[in-house]
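**Q** Take the sequence shown: its position 620, counting from 1, is numbered 620 in UniProt numbering, and each next residue is one higher. Just so you know, even glycine gets a beta-carbon here, dropped at the ideal spot from N, CA and C. Note that this is a predicted model, so its numbers are computed, not measured. Below is a structure I'd like to ask you about.
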Amino acid sequence: MLSDFSRGIDNAIKKFQLVLDIENAIAVDMQGKILNAVKSQLDSIERKVDSQTMDTLLEKLIREDARAAAADYQRKVEFCHDKTCETMLSKIKRWANNVEPNEGQIFWLSGLAGTGKSTIAKTIARWADGEGILASTYFFSRDDAKLSEPSLLIPKIAFDVTEFDPSAKEIIAEVLKKDKRVLYTSETIEKQFQSLIAQPLAELSPRTAASPRKLMLLVVDSLDECSDRSAVKEIVHHLLDFLDGSNPHIRVLLTSRPEPYIRDAFNDGVKQGFINHNVEDFTDPRDIENYLHDELSKTYSQVEWREREDFKSLVEYSGKLFIYASTALRYIRGAQSTGDPLKRLERLLGRRTGASTNKAPYEKLDRLYLGILEQATDTNDSDEMLRFCRILGTIMQLNDPLPVSALVELLQIDESITNLRIQLGSLSSVIVVPPPDQPDTPIRFFHPSFSDFLKDRQRCTDRFLIDVSGTETFLSLRCLEVMVVGLPGNSTVRRSRLILQYACTNWAGHLAKSYPGDSQIRGNLKKFVQCCIHDWTRTVKTLLKERIIYTIVTSLETARDWATQSECIKDVSGIILNHYRRLIDEELPRAAGAFYESVQSTGRIEPCYLGTRFAILKEVKEWASNKDSETPSIFWLCESGGIGKSAIAMSIAQWGAEKEINNFRGGFFFDRQASQCDLRSFILTIAHDLALFYLPRMKLIADVLDSHKLDPEALIEKLLTKLELQEPILLLVDALDECDEEIAEKIIALLSMLAESTPHLRIFLTSRPEIHIQDAFKREDQRTFVLRSVDTDDPRSGEIEAYLCAELSRIDGDVDWQKRKDFKTLLEYCGDLFIHATTAFRYISNRNGDLETRIADVLKLNAGTTPDENPDKSIVNSEEEMQTRKILSMISGLRDTLPVRGLVELLGVDETSLRNRLKGLSCVISIPGLNTPNTPHIWPRI
Numbered sequence: 001m002l003s004d005f006s007r008g009i010d011n012a013i014k015k016f017q018l019v020l021d022i023e024n025a026i027a028v029d030m031q032g033k034i035l036n037a038v039k040s041q042l043d044s045i046e047r048k049v050d051s052q053t054m055d056t057l058l059e060k061l062i063r064e065d066a067r068a069a070a071a072d073y074q075r076k077v078e079f080c081h082d083k084t085c086e087t088m089l090s091k092i093k094r095w096a097n098n099v100e101p102n103e104g105q106i107f108w109l110s111g112l113a114g115t116g117k118s119t120i121a122k123t124i125a126r127w128a129d130g131e132g133i134l135a136s137t138y139f140f141s142r143d144d145a146k147l148s149e150p151s152l153l154i155p156k157i158a159f160d161v162t163e164f165d166p167s168a169k170e171i172i173a174e175v176l177k178k179d180k181r182v183l184y185t186s187e188t189i190e191k192q193f194q195s196l197i198a199q200p201l202a203e204l205s206p207r208t209a210a211s212p213r214k215l216m217l218l219v220v221d222s223l224d225e226c227s228d229r230s231a232v233k234e235i236v237h238h239l240l241d242f243l244d245g246s247n248p249h250i251r252v253l254l255t256s257r258p259e260p261y262i263r264d265a266f267n268d269g270v271k272q273g274f275i276n277h278n279v280e281d282f283t284d285p286r287d288i289e290n291y292l293h294d295e296l297s298k299t300y301s302q303v304e305w306r307e308r309e310d311f312k313s314l315v316e317y318s319g320k321l322f323i324y325a326s327t328a329l330r331y332i333r334g335a336q337s338t339g340d341p342l343k344r345l346e347r348l349l350g351r352r353t354g355a356s357t358n359k360a361p362y363e364k365l366d367r368l369y370l371g372i373l374e375q376a377t378d379t380n381d382s383d384e385m386l387r388f389c390r391i392l393g394t395i396m397q398l399n400d401p402l403p404v405s406a407l408v409e410l411l412q413i414d415e416s417i418t419n420l421r422i423q424l425g426s427l428s429s430v431i432v433v434p435p436p437d438q439p440d441t442p443i444r445f446f447h448p449s450f451s452d453f454l455k456d457r458q459r460c461t462d463r464f465l466i467d468v469s470g471t472e473t474f475l476s477l478r479c480l481e482v483m484v485v486g487l488p489g490n491s492t493v494r495r496s497r498l499i500l501q502y503a504c505t506n507w508a509g510h511l512a513k514s515y516p517g518d519s520q521i522r523g524n525l526k527k528f529v530q531c532c533i534h535d536w537t538r539t540v541k542t543l544l545k546e547r548i549i550y551t552i553v554t555s556l557e558t559a560r561d562w563a564t565q566s567e568c569i570k571d572v573s574g575i576i577l578n579h580y581r582r583l584i585d586e587e588l589p590r591a592a593g594a595f596y597e598s599v600q601s602t603g604r605i606e607p608c609y610l611g612t613r614f615a616i617l618k619e620v621k622e623w624a625s626n627k628d629s630e631t632p633s634i635f636w637l638c639e640s641g642g643i644g645k646s647a648i649a650m651s652i653a654q655w656g657a658e659k660e661i662n663n664f665r666g667g668f669f670f671d672r673q674a675s676q677c678d679l680r681s682f683i684l685t686i687a688h689d690l691a692l693f694y695l696p697r698m699k700l701i702a703d704v705l706d707s708h709k710l711d712p713e714a715l716i717e718k719l720l721t722k723l724e725l726q727e728p729i730l731l732l733v734d735a736l737d738e739c740d741e742e743i744a745e746k747i748i749a750l751l752s753m754l755a756e757s758t759p760h761l762r763i764f765l766t767s768r769p770e771i772h773i774q775d776a777f778k779r780e781d782q783r784t785f786v787l788r789s790v791d792t793d794d795p796r797s798g799e800i801e802a803y804l805c806a807e808l809s810r811i812d813g814d815v816d817w818q819k820r821k822d823f824k825t826l827l828e829y830c831g832d833l834f835i836h837a838t839t840a841f842r843y844i845s846n847r848n849g850d851l852e853t854r855i856a857d858v859l860k861l862n863a864g865t866t867p868d869e870n871p872d873k874s875i876v877n878s879e880e881e882m883q884t885r886k887i888l889s890m891i892s893g894l895r896d897t898l899p900v901r902g903l904v905e906l907l908g909v910d911e912t913s914l915r916n917r918l919k920g921l922s923c924v925i926s927i928p929g930l931n932t933p934n935t936p937h938i939w940p941r942i
């Protein structure tokens with residue numbers, strides 16, 4: 001019985017244990033699943049955050065205003081009409097799909113204006129998108145300043161590539177994370193191309209070497225409409241270099257007019273990795289015939305167009321120019337037409353000429369444009385014609401197209417918006433006139449060839465010829481007038497935001513192309529500079545999101561150049577230079593009390609006493625003047641406190657600022673009691689001094705000032721790179737040990753980086769021999785700096801003796817101080833510390849009584865005893881002594897210096913008694929301007 005009972009208990013225990021084990025296993029399994037689920041969710045969140053961070057970085061590649069302008073422009077470009085340009089399209093498609101190594105990777109499609117290059121480019125882009133090989137498209141356009149800017153091309157392609165091939169996202173995002181400056185418009189095309197295209201795509205290749213890369217087509221249209229010809233050459237050269245047999249999966253389709261500078265860019269080097277075809281060579285007359293027939297039949301289906309002789313003449317007149325055919329179609333189907341299409345076609349063909357020749361390829365197109373203009377003007381009144389041409393010229397020369405309402409306001413014509421819309425409607429075959437329900441859509445020409453015609457004296461008649469300089473003069477004058485009466489603070493007339501924005505951002509562009517010396521512009525420019533420049537600057541800062549300082553500076557530089565040509569420079573030059581200084585002060589605020597001028601003016605740091613520290617000063621001056629690029633860029637004066645490092649720094653700064661030397665460009669004098677001892681304040685102060693010194697080259701550094709908020713640590717390097725130094729320049733950093741350890745280490749790293757990248761830079765740095773500073777220098781390239789202490793062979797005691805002897809002789813010149821025992825005792829107390837000597841002298845000079853007694857008092861203080869007679873009787877009283885200690889403690893503990901009156905308010909004491917007490921402590925506390933009502937800041941001397 002007992003054995004059975006025992007076995008039963010054992011079995012029950014085993015079952016219970018088994019249940020526990022099962023439950024534990026289930027719990028552990030559930031816990032694992034929960035942990036895995038949580039980990040998976042965290043990983044998903046982390047990936048999502050990383051992806052969002054990458055997307056945010058990559059979005060910076062695209063300027064929003066340029067994106068919107070590009071979308072608007074591309075909507076206006078048509079696709080090739082069905083069954084047209086088939087030969088050319090087939091040739092491009094075969095090339096795009098061919099990865100044979102002997103096949104050129106760049107297809108340059110050239111052709112005259114109006115031959116359909118953009119239409120072909122857009123059609124190929126649509127086809128490539130359907131095939132899954134379209135990586136990027138970019139359409140240049142001279143009609144919009146944002147679409148003619150070369151620096152936007154490479155970032156746009158890089159962004160599109162990341163969308164086409166997501167594996168490129170991380171690589172290009174990392175590039176932007178490390179160096180956002182590649183986005184700056186001041187960066188070279190070369191740096192943009194290498195950083196955003198060449199290097200990322202080269203890095204992608206090894207990752208997918210196991211399988212062929214996906215075909216990738218880039219389409220860049222109207223390269224000739226880029227605003228910078230030299231940039232076009234660079235783009236072509238970089239593409240040829242990059243695609244020289246490598247990256248065979250990449251194809252680039254470029255279109256442009258056959259401009260000589262573009263042809264030269266392709267033929268400059270030995271590289272032949274491109275194919276060139278002319279559109280006209282592949283244009284089939286049947287293409288234009290089919291296009292005209294189909295389009296006319298859509299509107300007028302009852303007419304048998306192919307049977308009509310006038311239709312055949314229209315086809316003949318069109319020749320190989322699709323722009324002629326499309327313009328003729330718009331005229332025949334004109335919105336303002338009241339007659340039937342056959343009569344309009346008859347009027348169109350009324351100006352019959354012979355066939356166009358190679359020497360005059362646009363002759364028929366010119367006749368077409370001329371006929372349209374003449375039919376739109378039924379007057380010979382000279383004032384009416386002047387007004388008509390002014391409207392056309394304004395639309396043609398606007399840097400950014402404007403809607404009808406803004407155009408009326410800018411033109412300042414006695415015309416309603418409706419009437420102007422009606423008049424422009426008679427030109428609807430050559431001008432895009434938005435309908436009334438689209439009041440914000442800008443007016444623009446259908447095709448650049450119309451603009452070319454209007455300003456070419458060889459092609460256009462005098463009646464319609466546009467005086468470009470005269471139009472620019474008018475637009476410049478109107479922009480100045482709009483700002484003078486419409487800017488906030490000067491407003492006498494209410495202006496629309498759009499017209500004010502246009503005037504503020506484009507007046508200088510028009511001024512540069514206007515007639516020099518125009519009397520009306522001179523008067524308005526003088527008024528603008530004298531009365532409106534500050535309001536204009538503030539307005540530009542609110543209107544623009546980027547390139548703010550660049551816009552301001554380049555505009556003012558243009559004004560100076562125009563004023564110089566117009567012999568009115570005295571009226572504007574000084575104001576503009578002062579405005580530059582104000583801009584620098586605002587954009588690069590200096591740390592109060594840390595820059596050279598403030599330290600010098602307040603006397604916080606005094607230079608070396610005349611004749612002292614000769615050896616070290618001589619060595620530093622020789623180093624700072626050495627033009628050898630192999631010279632170490634950093635001179636680190638490392639010595640314990642009280643030796644006079646700051647005095648040496650001040651002496652070097654004063655020497656470098658002399659006209660004969662003139663190589664001192666800026667400095668930062670650290671003070672642990674100052675509130676602005678952070679890295680940003682240091683960078684902005686040095687950058688401010690650099691920018692201010694190179695004021696005449698303000699245009700060079702405007703982009704840097706615009707972008708410093710993106711990457712402040714790169715600001716100084718970028719400034720120095722822009723300035724392209726050819727002679728040694730001196731920067732100074734004093735008392736680095738008085739800032740936080742982390743900041744000191746970052747500054748050393750920054751200075752070392754500058755030293756490596758700028759061989760003509762000389763940086764004089766002083767500090768105590770703190771461990772963290774020594775360790776920071778050990779991490780840097782030892783060749784970039786030289787370490788010195790005040791030379792042990794330098795007879796410092798002799799210098800201190802000379803200093804005290806000279807200063808005491810100014811009080812009593814009849815005494816032979818060097819023979820006096822108390823003088824020698826004082827020298828012994830001072831030892832090697834200049835700060836000891838200067839403090840002792842201030843104590844002696846600021847006290848009452850005969851000189852011997854004052855020296856005896858300072859010797860007693862050095863011996864640790866109290867002088868017999870102390871003019872500050874309050875120190876005898878313990879309560880007064882506590883009050884003095886409180887004042888000293890408060891001053892030394894402040895994070896920022898205060899004026900006397902600020903200290904009175906903080907301590908809650910009487911101002912007169914505080915002034916008297918501070919005066920008694922003037923040997924250790926600097927109190928500039930004590931007797932003036934506006935007392936400057938005070939700080940401890942030691």
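Going residue by residue through the segment 256 to 306, where are the continuous beta strand (DSSP E) segments of at least 3 residues, counting only ones entirely within it?
**A** 274 to 278
**Q** Between L719 and Q782, what straight-line distance do the alpha-carbon atoms span, to the nearest angstrom?
**A** Numbered from its first residue, the sequence shown carries residue 719 at position 719. Numbered from its first residue, the sequence shown carries residue 782 at position 782. Whole-angstrom Cα-Cα distance: 25 Å.
**Q** List, from N- to C-terminal side, the alpha helix (DSSP H) runs of 4 residues or more that fit wholly inside the segment 78 to 117.
**A** 86 to 97
**Q** Can you find the residues in the same chain that come closer than 8 Å, C-beta to C-beta, to I716, ignoring five residues on each side of it along the sequence?
**A** Locating residue 716 in the sequence shown gives position 716, where the first residue counts as 1. I683, I686, A687, L690, L750 and L754, listed in sequence order.
**Q** Note down the Cα distance separating Q336 from E190, rounded to an integer number of angstroms.
**A** For the purposes of this step, residue 336 is taken as residue 336 along the sequence shown, with counting starting at 1. For the purposes of this step, residue 190 is taken as residue 190 along the sequence shown, with counting starting at 1. Only weak support is given to the placement of Q336: the predicted model assigns it a pLDDT of 48, under 50, and the value that follows is read from those uncertain coordinates. Roughly 50 Å separates the two Cα atoms.
**Q** For A210, which residues from the same chain have a beta carbon less than 7 Å from its beta carbon, with the 5 sequence-adjacent residues on both sides left out?
**A** As a working note, residue 210 is residue 210 in the sequence shown. Per-residue confidence for A210 stands at a pLDDT of 49, beneath the threshold of 50, marking its modelled position as unreliable; the derived number appears in the next sentence. The answer is none, since no qualifying residue turns up.
**Q** Within 10 angstroms of the Cβ of K545, are there 16 or more other Cβ atoms? Answer buried if so, exposed if not.
**A** Locating residue 545 in the sequence shown gives position 545, counting from the first residue. It is exposed - the Cβ of K545 has fewer than 16 other Cβ atoms within 10 Å.
**Q** For Y515, does the three-state DSSP call read helix, strand or coil?
**A** What you label residue 515 is simply residue 515 of the sequence shown in a count that begins at 1. DSSP places Y515 in coil when its eight states are reduced to three.
**Q** Please identify the residue among T505, P401 and R560 whose C-alpha is closest to the C-alpha of R547.
**A** What you label residue 547 is simply residue 547 of the sequence shown in a count that begins at 1. For the residues T505, P401 and R560, the minimum Cα distance to R547 belongs to T505.
**Q** Excluding the five sequence neighbours on either side, which residues of its own chain have a C-beta within less than 7 Å of the C-beta of E170, listed in chain order?
**A** For this step, residue 170 is matched to residue 170 along the sequence shown. These residues qualify, in order along the chain: M54.
**Q** Please list, in chain order, all residues of the same chain as residue 943 whose beta carbon is under 6 Å from its beta carbon, the five residues on each side excluded.
**A** With the chain running from 1 to 942 in the structure shown, residue 943 is simply not present.
**Q** Compute the Euclidean distance between the alpha carbons of S566 and M698, then round it to the nearest angstrom.
**A** On the sequence shown, residue 566 is found 566 positions in, with the first residue counted as 1. On the sequence shown, residue 698 is found 698 positions in, with the first residue counted as 1. Those two C-alpha atoms are separated by around 22 Å.
**Q** Which partner residues does W636 have in the DSSP bridge list?
**A** As a first step, residue 636 is located in the sequence shown; it is residue number 636 there, counting from the start. Paired residues: L765 and L787.
**Q** With a threshold of 7 Å, establish whether the CB of G104 neighbours any heavy atom of the ligand FMN.
**A** Of ligands this structure carries none, so the ligand FMN is not represented either.
**Q** R75 by DSSP, collapsed to three states: which one?
**A** If you number the sequence shown from 1, residue 75 lands on position 75. Of the three classes helix, strand and coil, the one that applies to R75 here is helix, per DSSP.
**Q** Measure the C-alpha to C-alpha separation of A563 and P150 and round it to an integer number of angstroms.
**A** Mapped onto the sequence shown, residue 563 falls at position 563. Mapped onto the sequence shown, residue 150 falls at position 150. So the alpha carbons of these two residues sit roughly 29 Å apart.
**Q** Using only the alpha-carbon positions, how far apart do R762 and E174 sit?
**A** The count along the sequence shown starts at 1 and reaches residue 762 at position 762. The count along the sequence shown starts at 1 and reaches residue 174 at position 174. For R762 and E174, the distance between alpha carbons rounds to 32 Å.
**Q** Pair every Cβ in the segment 115 to 133 with every Cβ in the segment 214 to 227, then say whether three or more of these pairs are closer than 8 Å.
**A** With a cut-off of 8 Å, the segment 214 to 227 and the segment 115 to 133 count as touching, because enough Cβ pairs lie within range.
**Q** Can you give me the Cβ contacts of M88 inside the same chain, cut-off strictly under 7 Å, excluding the 5 residues immediately before and after it?
**A** Within the sequence shown, the letter at position 88 stands for residue 88. Excluding sequence neighbours, M88 sits near I120, V279 and F282.
**Q** What separation, rounded to the nearest whole angstrom, lies between the Cα atoms of Q52 and L176?
**A** One-based indexing of the sequence shown puts residue 52 at position 52. One-based indexing of the sequence shown puts residue 176 at position 176. Each residue's alpha carbon lies about 14 Å from the other.
**Q** Within its chain, find whatever has a CB closer than 6 Å to the CB of V599; leave out the 5 residues flanking it on each side and keep chain order.
**A** For the purposes of this step, residue 599 is taken as the residue at position 599 of the sequence shown. Contacts found: I605 and F669.
**Q** Alpha helix (DSSP H) containing C554: first to last residue?
**A** Numbered from its first residue, the sequence shown carries residue 554 at position 554. Per the sequence shown, residue 554 should be read as Thr rather than Cys. Residues I548 to Q565.
**Q** Given V484, which residues of its chain have a CB within under 8 Å of its CB, disregarding the five upstream and five downstream residues?
**A** Position 484 of the sequence shown, counting from 1, holds the residue named residue 484. Around V484: N490, N524, K527, F528, C531 and C532.
**Q** Is there contact between the segment 721 to 734 and the segment 650 to 668, where contact requires at least three CB pairs shorter than 8 Å?
**A** Segments in contact, yes.
**Q** For the beta strand (DSSP E) that contains T137, what are its first and last residues?
**A** Along the sequence shown, one-based indexing puts residue 137 at 137. L134 to F139 is the span of the beta strand (DSSP E), which, as asked, contains T137.
**Q** Looking at C-alpha atoms only, which residue of Q397, D10, T162 and C226 is the closest neighbour of T56?
**A** Along the sequence shown, read from residue 1 onward, the residue named residue 56 stands at position 56. For T56, the nearest C-alpha among the options comes from T162.
**Q** Mark I106 as exposed unless 16 or more other C-beta atoms lie within 10 angstroms of its C-beta, in which case mark it buried.
**A** Indexing the sequence shown from 1 puts residue 106 at position 106. By the 10 Å Cβ count, I106 comes out buried.
**Q** Going by the CB atoms, is the gap between P401 and R444 shorter than 8 Å?
**A** Taking the first residue of the sequence shown as position 1, residue 444 is located at position 444. Taking the first residue of the sequence shown as position 1, residue 401 is located at position 401. Yes, the Cβ-Cβ distance between R444 and P401 is below 8 Å.
**Q** For M650, which residues of its own chain have a beta-carbon under 6 Å away from its beta-carbon, when the five flanking residues on both sides are left out?
**A** As a working mapping, residue 650 is identified with position 650 in the sequence shown. Closer than 6 Å at Cβ, skipping near neighbours: I605 and P607.
**Q** For I395, which three-state DSSP category applies?
**A** Start at 1 with the first residue of the sequence shown, and residue 395 comes out as number 395. Reduced to three states, the DSSP call for I395 is helix.
**Q** Just to confirm the assignment, what range does the beta strand (DSSP E) spanning V733 have?
**A** On the sequence shown, position 733 is the one that residue 733 refers to. It spans I729 to D734 - the beta strand (DSSP E) in which V733 sits, taken as one unbroken run.
**Q** Counting C-beta neighbours from all protein chains within 10 Å, is the total for H760 16 or more, i.e. buried, or is it exposed?
**A** Reading the sequence shown from its first residue, position 760 is the one you call residue 760. Label assigned to H760: buried.
**Q** Spatial neighbours of S451 within its chain, please: CB distance less than 7 Å, with the 5 preceding and 5 following residues excluded, ordered by chain position.
**A** Within the sequence shown, residue 451 is the residue found at index 451, counting from 1. The residues are M396 and F445.
**Q** Do you know whose CA, among F823, E741, G831 and I835, lies nearest D857's CA?
**A** Stepping through the sequence shown from its first residue, residue 857 is reached at position 857. Residue F823 holds the alpha-carbon nearest to the alpha-carbon of D857 among F823, E741, G831 and I835.
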